[in-house]
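Trainee:
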Amino acid sequence: MERTLEARRETVARAEAPAARILCEAIEFETTTAPEFIDVTDDVVSIVDAAGVQFGQVTVFSQHTTAAVKINENEPLLLQDLARLLSQFAPAEAQYEHNDFTRRTVNMNEDECANGHSHCQHLFLSASETIPIVDGRVSLGRWQRIFLIELDHPRPRRLLVNVVGTG
Amino acid sequence: MERTLEARRETVARAEAPAARILCEAIEFETTTAPEFIDVTDDVVSIVDAAGVQFGQVTVFSQHTTAAVKINENEPLLLQDLARLLSQFAPAEAQYEHNDFTRRTVNMNEDECANGHSHCQHLFLSASETIPIVDGRVSLGRWQRIFLIELDHPRPRRLLVNVVGTG
Amino acid sequence: MERTLEARRETVARAEAPAARILCEAIEFETTTAPEFIDVTDDVVSIVDAAGVQFGQVTVFSQHTTAAVKINENEPLLLQDLARLLSQFAPAEAQYEHNDFTRRTVNMNEDECANGHSHCQHLFLSASETIPIVDGRVSLGRWQRIFLIELDHPRPRRLLVNVVGTG
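First to last, the sequence lines map onto chains A, B and C.
Take any residue in the first sequence, note its place counting from 1, add 114, and you have its number in my numbering.
Take any residue in the second sequence, note its place counting from 1, add 114, and you have its number in my numbering.
Take any residue in the third sequence, note its place counting from 1, add 114, and you have its number in my numbering.
In structure tokens form, the structure reads like this:
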């Protein structure tokens, strides 16, 4: 028999503060391979600790179209599985219209490289994750870690960590 | 001829409140099979109703790496299609490095089970959904329902429903 | 050698405001084909400009289960790749239980059409994206554009653009 919502729920935060507090930090990363799963959880936790926000949320946002942000478990063999899955889904060596530089008319860089697969993989991942903050802590579950995922080639990357809440 | 933004837009909420109001509720679920799509919309709506937040947003967050949160339509035959798609994408019976317990060195539980497929399916789903609150109501579209999706095996699961806004 | 977080981070916003400011605008779109990638970035930027919010975030939310919101690059050949990938992943002509109107018992419309593939594609996309606002600007990276993606057939669609922050 299904228990009622009242029996299944617990209030973990309730706040009415006379001020909204916001902190946004940009963090730089140098990726070293692709796909690469960089565990950024400790950085996010440090920033939330320093923000002095007791309740609210933190959004971890990738400013890139070929580097994603996702939550999963940080177990080395699993990361191999996830990398293999991404490659299967949109292999680097497959044909992409985006890689046909003879026909491209927009968004061409000097250092343009064939990264159609990276954009395709990104389509099914995400640019951001949003996590509740309770009692000043990022409320991740036991196995949850936040990853910046490099899908293209090694390069500098930039995350925004945006904390919105009350002090 | 394309209409201007002015002609296509409508202001549905505008608020400047002297206080930020935040409520976070944890809800427990007992899943019974996998994949299982549990419609949690009514629970989320009840919590937002009780929060006394007129404008802002609600984030529904799964604290698990093998249970996801997604919005889709609650039509029983469709849920069969979605389940089949998840299985096709990352079948439970395929080989995963994560399932090779002879080589795993970290994150081993007493009750560890072979769930590489669940993590792989989770990679392309999400840990959370964020929905606007307008006039105290969760602004879902006509067919939108919020699901907790069990990807692993039946067990207790925990969602956070984090309401951030103004009273 | 890995640089410390202090060396890699930069504070881009810090605010403690005596009021929370919220604006939610609904925008209508008429889609013309499927899949169709409609670049809604300029609309979102206009709304954030008008909201008078200096710091916080904007959530772009699709009120539909067969139209998604995603961030990617707006390069015409790439959009062809993304469309092809969606079709490969869940082809319109494949068999879906959801399309068997002889067995459907719920959610039947007068104008119901066979759109199982659209719901399946939506499962691996998202209903929304959340982007930080810094100094009154939507903090997208250089190549990032926000898309409404029509997955079903041409029709009116509705996005909510929900701005939450401080003035």
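Note that beta-carbon positions come from the ideal geometry of N, C-alpha and C, so glycine has one too.
1. Is the separation between the beta-carbon of Q171(A) and that of T244(A) shorter than 7 Å?
2. Kindly indicate the opening and closing residues of the beta strand (DSSP E) around G90(C).
3. Skipping 5 residues on each side, what residues in its chain have a beta carbon closer than 7 Å to that of A228(C)?
4. Which same chain residues, not among the five before or five after Q258(A), have their C-beta less than 6 Å away from its C-beta?
5. Taking the alpha carbon of H267(C) as the reference point, which residue from H233(C), A241(C), G250(C) and V277(C) has its own alpha carbon closest?
6. Does DSSP put P364(C) in a helix, a strand or coil?
7. If I measure Cβ to Cβ from L274(A) and keep anything under 7 Å in the same chain, skipping five residues before and after, which residues do I get?
8. Which residues in the same chain as L196(C) place their Cβ atom closer than 6 Å to its Cβ, once the five residues preceding and following it in sequence are excluded?
9. Which two residues bound the contiguous alpha helix (DSSP H) that contains Q202(A)?
10. May I ask which residues mark the beginning and end of the alpha helix (DSSP H) holding V158(B)?
11. Return helix, strand or coil for R122(C), following the three-state DSSP convention.
12. Relative to the C-alpha of G156(C), which candidate in P149(C), A164(C) and Q168(C) has its C-alpha closest?
13. Along chain C, in chain order, which residues have C-beta atoms closer than 8 Å to that of S240(B)?
14. Could you work out which residues of chain C lie near N186(B), taking near to mean beta carbons separated by less than 8 Å?
15. Flag L273(C) as yes if its beta-carbon sits less than 7 Å from any beta-carbon of chain A, otherwise no.
16. Should A148(A) go down as buried or exposed, given a rule of 16 or more other Cβ atoms within 10 Å for buried?
17. Per DSSP, which one or two residues make a beta bridge with Q171(C)?
18. Give the interface partners of G255(B) over in chain C, defined as CB-CB distance under 8 Å, in chain order.
19. Could one say the Cβ of C138(B) lies closer than 7 Å to chain A's Cβ atoms, at least one of them?
20. For chain B, check one thing: does any of its Cβ atoms lie closer than 7 Å to the Cβ of V159(C)?
21. Using a beta-carbon distance below 7 Å, is G166(C) in contact with chain B?
22. Is there a Cβ of chain A sitting closer than 7 Å to that of D156(C), yes or no?
23. Label R217(A) either buried or exposed according to how many other C-beta atoms from any shown protein chain fall within 10 Å of its C-beta, with 16 as the threshold for buried.
24. L193(A): which of A127(B), G250(B) and H231(B) sits nearest, CA to CA?
25. Out of E189(B), E207(B), P270(B) and G250(B), state which residue places its alpha-carbon closest to the alpha-carbon of T180(B).
26. Closer than 8 Å, Cβ to any Cβ of chain C: which residues of the region 120-150 of chain A, in chain order?
27. Give me, in chain order, the residues of the same chain whose beta-carbon lies closer than 7 Å to that of E144(A); leave out the 5 immediate sequence neighbours on both sides.
28. For A241(B), collect the residues of the same chain with a Cβ closer than 7 Å to its Cβ; drop the 5 residues on either side in sequence, then sort them by chain order.
29. Between R135(A) and E130(C), is the Cβ-Cβ spacing less than 7 Å?
30. Based on the DSSP secondary-structure assignment, which residues constitute the bridge partners of V183(C)?
31. Which class does E139(C) belong to by DSSP, given the choice of helix, strand or coil?
32. State the CB to CB distance for the pair F261(A) and F151(A), rounded to an integer number of angstroms; the pair is presumed to be in contact (CB under 8 Å).
33. Classify Q209(A) as buried or exposed, calling it buried when 16 or more other Cβ atoms lie within 10 Å of its own Cβ.
34. In chain C, which residues lie less than 8 Å from E189(B) when you measure between Cβ atoms?
35. Is A121(B) closer than 7 Å to F169(B) when the C-beta atoms are compared?
36. What residues from chain C crowd round A204(A), counting only those whose CB sits closer than 9 Å?
Mentor: According to the structure data:
1. yes
2. Nothing about residue 90(C) can be reported from this structure: the residues present for chain C run from 115 to 281 only.
3. N213
4. I185
5. Taking H267(C) as reference, the option from H233(C), A241(C), G250(C) and V277(C) with the minimal CA-CA separation is H233(C).
6. Given a span of 115 to 281 for chain C in the structure shown, any question on residue 364(C) remains unanswerable.
7. C138, A140, F175 and Q177
8. none
9. P190 to F203
10. T155 to A165
11. helix
12. Looking at the sequence provided, one finds Asp at residue 156(C) rather than Gly. Checking every option, the nearest Cα to that of D156(C) belongs to A164(C).
13. What S240(B) touches in chain C: S240.
14. Chain C residues near N186(B): T179, H233, H236 and L237.
15. no
16. Using a 10 angstroms sphere on the CB of A148(A), the tally of other CB atoms reaches 16 or more, which defines it as buried.
17. BP columns for Q171(C) point to P246(C) and V278(C).
18. S176, Q177, H178, T179 and R272
19. yes
20. no
21. no
22. Chain A, which has no Cβ nearer than 7 Å to the Cβ of D156(C), makes this no.
23. exposed
24. Nearest of A127(B), G250(B) and H231(B) to L193(A), Cα basis: H231(B).
25. P270(B)
26. P132, A133, A134, R135, I136, L137, C138, E139, A140, I141, E142 and F143
27. The answer, listed in chain order, is P270.
28. F175, S176, A182 and V183
29. yes
30. L262(C), per the DSSP bridge assignment.
31. strand
32. 5 Å
33. exposed
34. H212, R218, V220 and N221
35. no
36. D195 and L199
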